[in-house]
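Protein chains in written order, with UniProt numbering: chain A, 1 to 361; chain B, 1 to 361.
As structure tokens, this is what we get:
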């Protein structure tokens with residue numbers, strides 16, 4: 001058992017309208033059933049005419065590029081300086097939406113194929129129908145990733161095999177069910193193809209031979225299956241962007257209660273968290289004795305049933321600007337409570353109490 | 001030109017103290033100079049005794065596992081439910097610090113090698129010195145990644161070649177300098193190795209042949225070169241964690257000015273951002289006419305030179321709880337300003353002004 005990775009040499013410049021199946025079959029008459037073709041997305045884009053004209057240089061080029069990027073962007077995930085990590089309409093998260101200015105005329109930019117799975121399927125179908133070749137096709141591109149320097153090639157589209165090899169249910173020799181079950185083999189195949197493409201000049205197609213003897217027409221949703229839903233992703237936003245979103249959350253914090261019963265330890269942590277930044281003399285007190293709380297809240301109209309109570313007192317003597325500062329301190333506490341997952345509502349103090357305000361938690 | 005990926009068959013269970021060079025050289029007498037060995041980190045860990053005993057099941061197992069994880073964790077990057085994405089002492093960001101319970105007895109956990117680059121170097125040196133083989137060695141492990149489903153194998157350690165192939169300075173046929181310059185080829189090699197390991201049962205070593213004719217003793221810092229510094233990383237924290245950090249920032253917001261001159265458009269955006277959540281009747285006014293501002297701030301002791309001025313007025317008639325609510329609104333605005341990168345300081349209103357408070361920006 002062995003795999004071979006072979007370069008397809010002799011593919012020249014690809015231009016709009018080129019018949020990629022013919023180009024590849026001509027350059028690689030040695031293709032066999034079961035081969036995996038790893039095709040650089042750029043030649044697919046070029047053949048499909050996914051090029052836009054831009055000025056060759058100057059600020060006009062930058063402006064045009066920004067406009068093209070905006071058109072390819074569904075969502076900005078992170079940015080710093082000129083770097084833009086965005087989610088494309090395919091769902092891929094990539095720098096600059098995969099727009100590329102290399103291996104193309106200076107007055108053009110190359111966009112990703114509109115539907116790389118469809119491109120892969122079309123190429124696979126054409127090779128089967130016209131050249132009697134049953135191959136799998138991967139459309140690959142180069143991406144960076146968080147946490148690790150360096151780029152790798154991964155799959156944007158696939159046909160003739162599923163993107164993921166699932167080991168679920170397999171058991172190791174020790175009787176443990178396998179933990180790491182879903183391997184993104186098309187990404188590993190794309191990377192394997194890059195190893196030989198990167199060694200040669202201008203080799204946009206590599207072939208992995210021996211990975212299987214027969215392709216699988218059920219591609220299980222193609223490379224789209226690799227796109228993790230943003231809601232499921234622990235890194236759906238850049239750190240700076242998420243941190244700014246946290247600030248925005250704090251600015252627009254709504255009244256309301258979180259999960260009940262309230263975690264009183266979390267409330268104490270929140271009070272501690274702001275203790276060093278509130279105006280000296282501001283005091284927050286968690287009223288944790290049930291009887292005392294019941295006595296105080298009995299007088300408060302509309303008190304939420306069973307809510308925990310924090311009393312806040314402004315420094316004395318109480319002056320107007322002191323109450324303003326105290327109100328700011330109280331919002332600090334509400335935000336710190338929110339960071340602990342504790343919701344709160346600002347209420348007037350219990351009648352007759354020396355406190356300046358109350359929080360219902 | 002071609003690459004071959006070959007499995008090393010016949011490697012049995014590896015246990016502490018095993019001589020990996022002997023194990024591999026015996027199982028693969030066909031190794032050649034220039035081969036790249038892709039060695040699953042687990043057999044390196046086992047040979048190096050990186051195993052810990054844990055109860056086979058029950059809550060004791062979970063508790064023991066948590067303790068082991070804490071010991072392998074330098075920094076928690078993200079967590080959700082039972083998932084912990086952490087940074088290890090090597091700098092790698094991985095689920096559960098790479099601790100693995102598969103392919104090992106139920107009463108043991110496998111930790112990552114202490115220094116995978118050193119492990120790779122030791123294996124390479126042993127094969128050269130004792131078997132006259134000049135090979136590169138990659139220690140690989142399986143990792144997930146943000147945004148894309150499925151796992152891939154990547155490199156934890158390398159010897160005999162640099163982790164990154166740098167195309168910097170190369171020019172494409174169109175005269176463009178290459179944009180994507182640094183390829184993490186050891187990760188692609190690790191993934192290529194997984195393709196054949198995953199096809200066979202219990203194959204912990206793969207060989208990539210043909211990648212180069214001679215190894216490079218300068219490994220340029222090994223796989224550590226792949227670790228991106230957290231400060232440089234746009235995704236150094238999980239989204240939920242960063243968002244909570246943003247809330248904490250808001251709770252502990254300090255007085256102070258940001259970059260000057262202040263972006264007045266950003267100030268207006270911040271005022272708009274809180275307009276829907278402040279108490280009805282609360283009014284924030286950016287005093288943007290220089291003469292008016294100069295007249296107002298002339299009376300304010302310690303006014304920061306050249307600072308922008310926002311006046312805030314509580315709803316009338318002004319009552320104590322109204323001033324508290326207004327203070328909370330003012331902190332909302334300060335936080336919204338911070339989200340725009342604008343620093344602020346809460347000050348008493350100018351003498352004689354009907355405003356309740358002022359912000360110096």
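In this text, a Cβ means the ideal position worked out from N, Cα and C, and glycines have one as well.
Does the Cβ of residue 146/A have 16 or more other Cβ atoms within 10 Å, making it buried, or fewer, making it exposed? On the first chain, position 146 is the one that residue 146/A refers to. Per the 10 Å Cβ criterion, buried.
Identify the continuous alpha helix (DSSP H) that holds residue 59/B and give its terminal residues. On the second chain, position 59 is the one that residue 59/B refers to. Note, residue 59/B: alpha helix (DSSP H), 58-72.
Please state whether DSSP places residue 312/B in a helix, a strand or coil. Here residue 312/B is taken as the residue at index 312 of the second chain, counted from 1. Of the three classes helix, strand and coil, the one that applies to residue 312/B here is strand, per DSSP.
Which one of 344/A, 292/A and 232/A has the shortest CA to CA distance from residue 81/B? As a working mapping, residue 81/B is identified with position 81 in the second chain. Its Cα nearest to that of residue 81/B, the residue 232/A stands out among 344/A, 292/A and 232/A.
Proximal chain B residues relative to residue 331/A, where beta-carbon distance stays under 7 Å: Here residue 331/A corresponds to residue number 331 of the first chain, with the count starting at 1. What residue 331/A touches in chain B: 328, 331 and 332.
For residue 89/A, name the three-state secondary structure that DSSP assigns. Here residue 89/A is taken as the residue at index 89 of the first chain, counted from 1. Coil, per DSSP.
Span of the beta strand (DSSP E) holding residue 157/B? Mapped onto the second chain, residue 157/B falls at position 157. Counting along the chain, the beta strand (DSSP E) containing residue 157/B begins and ends at 152-159.
According to DSSP, simplified to helix, strand and coil, what is residue 232/A? Residue 232/A sits at position 232 when you count from the first residue of the first chain. Three-state result, residue 232/A: helix.
Measure the C-alpha to C-alpha separation of residue 140/A and residue 215/A and round it to an integer number of angstroms. Start at 1 with the first residue of the first chain, and residue 140/A comes out as number 140. Start at 1 with the first residue of the first chain, and residue 215/A comes out as number 215. Rounded to the nearest whole angstrom, the CA to CA distance from residue 140/A to residue 215/A is 18 Å.
Determine contact between the region 230-247 of chain A and the region 176-195 of chain A, defined as no fewer than three beta-carbon pairs at a distance below 8 Å. Flag = no, the region 230-247 of chain A and the region 176-195 of chain A do not touch.
Please check the pair residue 89/B and residue 110/B, which I expect to be a contact at CB under 8 Å, by giving their CB distance rounded to whole angstroms. Position 89 of the second chain, counted from the first residue, corresponds to residue 89/B. Position 110 of the second chain, counted from the first residue, corresponds to residue 110/B. 16 Å between Cβ atoms; not a contact.
In this structure, what does DSSP give as the bridge partners for residue 79/B? Looking up residue 79/B in the second chain gives position 79. 84/B, per the DSSP bridge assignment.
Take residue 263/A as the anchor and find which of 250/A, 286/A, 223/A and 62/A has the nearest alpha-carbon. The residue given as residue 263/A occupies position 263 in the first chain. Distance from the Cα of residue 263/A is smallest, within the candidate group 250/A, 286/A, 223/A and 62/A, for 286/A.
Looking at residue 6/B and residue 165/A, is the spacing between their C-beta atoms short of 7 Å? Locating residue 165/A in the first chain gives position 165, where the first residue counts as 1. Locating residue 6/B in the second chain gives position 6, where the first residue counts as 1. Going by C-beta atoms, residue 165/A is not nearer than 7 Å to residue 6/B.
Is DSSP giving residue 355/B helix, strand or coil here? Translated into positions along the second chain, residue 355/B becomes position 355. Here residue 355/B sits in coil by DSSP.
So for residue 203/B, helix, strand or coil by DSSP? Walking along the second chain from the start, residue 203/B turns up at place 203. Per DSSP, reduced to three states, the secondary structure at residue 203/B is coil, with no helix or strand assignment.
If you run the structure through DSSP and keep just helix, strand and coil, what is residue 122/A? Here residue 122/A is taken as the residue at index 122 of the first chain, counted from 1. The answer is helix: DSSP assigns residue 122/A an H, G or I state.
Take the Cβ of residue 208/B as the centre, count every other Cβ of all protein chains shown within 10 Å, and call the residue buried at 16 or more, exposed below. By one-based count along the second chain, residue 208/B stands at place 208. With 16 or more other CB atoms across the displayed protein chains lying within 10 angstroms of its CB, residue 208/B is buried.
Compute the beta-carbon to beta-carbon distance between residue 131/B and residue 25/B, rounded to the nearest angstrom, for a pair I have assumed lies under 8 Å. Counting from one through the second chain, the residue named residue 131/B turns up at place 131. Counting from one through the second chain, the residue named residue 25/B turns up at place 25. Residue 131/B to residue 25/B, Cβ: 5 Å. Contact.
Quick one: using the 10 Å Cβ neighbour count with 16 as the cut-off for buried, is residue 142/A buried or exposed? Counting from one through the first chain, the residue named residue 142/A turns up at place 142. The C-beta of residue 142/A has 16 or more other C-beta atoms within 10 Å across all chains shown, which makes the residue buried.
N- and C-terminal bounds of the alpha helix (DSSP H) containing residue 26/B: Position 26 of the second chain, counted from the start, is the residue given in the question as residue 26/B. The continuous alpha helix (DSSP H) containing residue 26/B extends over residues 20-27.
By a C-beta neighbour count over all protein chains shown, 10 Å radius and 16 as the cutoff for buried, is residue 22/A buried or exposed? For the purposes of this step, residue 22/A is identified with residue 22 of the first chain, where counting begins at 1. Its Cβ having fewer than 16 others within 10 Å, residue 22/A is exposed.
Using a cut-off of 9 Å between C-beta atoms, extract the partners of residue 106/A located in chain B. Counting from 1 along the first chain, the entry for residue 106/A is found at position 106. Correct list: 174, 175 and 176.
Complete runs of the alpha helix (DSSP H) confined to the region 218-296 of chain A [at least 4 residues]: Secondary structure in the region 218-296 of chain A: the alpha helix (DSSP H) runs of 4 residues or longer, each lying completely within the stretch, are 239-251 and 264-275 in chain order.
Just to make sure I have the definition right: I need the residues of chain A whose C-beta is within less than 9 Å of the C-beta of residue 274/B. Which are they? One-based indexing of the second chain puts residue 274/B at position 274. Those within 9 Å of residue 274/B in chain A are 251 and 252.
Determine the direct distance from the alpha carbon of residue 340/A to that of residue 272/B, and round the result to whole angstroms. Locating residue 272/B in the second chain gives position 272, where the first residue counts as 1. Locating residue 340/A in the first chain gives position 340, where the first residue counts as 1. As the crow flies, the alpha-carbon of residue 272/B is around 27 Å from that of residue 340/A.
Which term fits residue 202/A, buried or exposed, when burial requires 16 or more other beta carbons within 10 angstroms of its beta carbon? In the first chain, the residue the question calls residue 202/A occupies position 202. Residue 202/A comes out exposed.
Give every residue of the same chain whose Cβ lies closer than 6 Å to the Cβ of residue 152/A, excluding the five residues on either side of it in the sequence, and list them in chain order. By one-based count along the first chain, residue 152/A stands at place 152. These residues qualify, in order along the chain: 191.
Do the CB positions of residue 243/B and residue 242/A come within less than 7 Å of each other? As a first step, residue 243/B is located in the second chain; it is residue number 243 there, counting from the start. As a first step, residue 242/A is located in the first chain; it is residue number 242 there, counting from the start. It is a contact, given that the beta carbons lie within the stated cut-off.
Anything in the region 241-271 of chain B with a Cβ closer than 9 Å to a Cβ of chain A? List those residues in chain order, please. When C-beta distances to chain A are compared with 9 Å, the residues of the region 241-271 of chain B below that value are 241, 242, 243, 244, 245, 246, 247, 248, 249, 250, 251, 252, 253, 254 and 270, in chain order.
Where residue 303/B falls, given that 16 or more other Cβ within 10 Å makes a residue buried: In the second chain, counting from the first residue as 1, residue 303/B sits at position 303. Label assigned to residue 303/B: buried.
Just checking, does the region 248-265 of chain A make contact with the region 89-98 of chain B on the three C-beta pairs under 8 Å criterion? The region 248-265 of chain A vs the region 89-98 of chain B: no contact.
With a threshold of 7 Å between beta-carbons, can residue 216/A be considered close to chain B, or not? Indexing the first chain from 1 puts residue 216/A at position 216. By this cut-off, residue 216/A is not an interface position.
Do the CB positions of residue 360/A and residue 307/A come within less than 7 Å of each other? Within the first chain, numbered from 1, the residue matching residue 360/A stands at position 360. Within the first chain, numbered from 1, the residue matching residue 307/A stands at position 307. Going by beta carbons, residue 360/A and residue 307/A fall inside the 7 Å limit.
With 16 other Cβ atoms within 10 Å as the buried cut-off, status of residue 229/B: Sequence index remark: in the second chain, residue 229/B carries index 229 (1-based). In summary, residue 229/B is exposed, with fewer than 16 beta-carbon neighbours lying within 10 Å of its beta-carbon over all protein chains present.
8 Å contact criterion, which residue 156/A and residue 41/A should meet: CB distance rounded: Within the first chain, numbered from 1, the residue matching residue 156/A stands at position 156. Within the first chain, numbered from 1, the residue matching residue 41/A stands at position 41. Cβ atoms of residue 156/A and residue 41/A come within 8 Å of each other, at about 5 Å.
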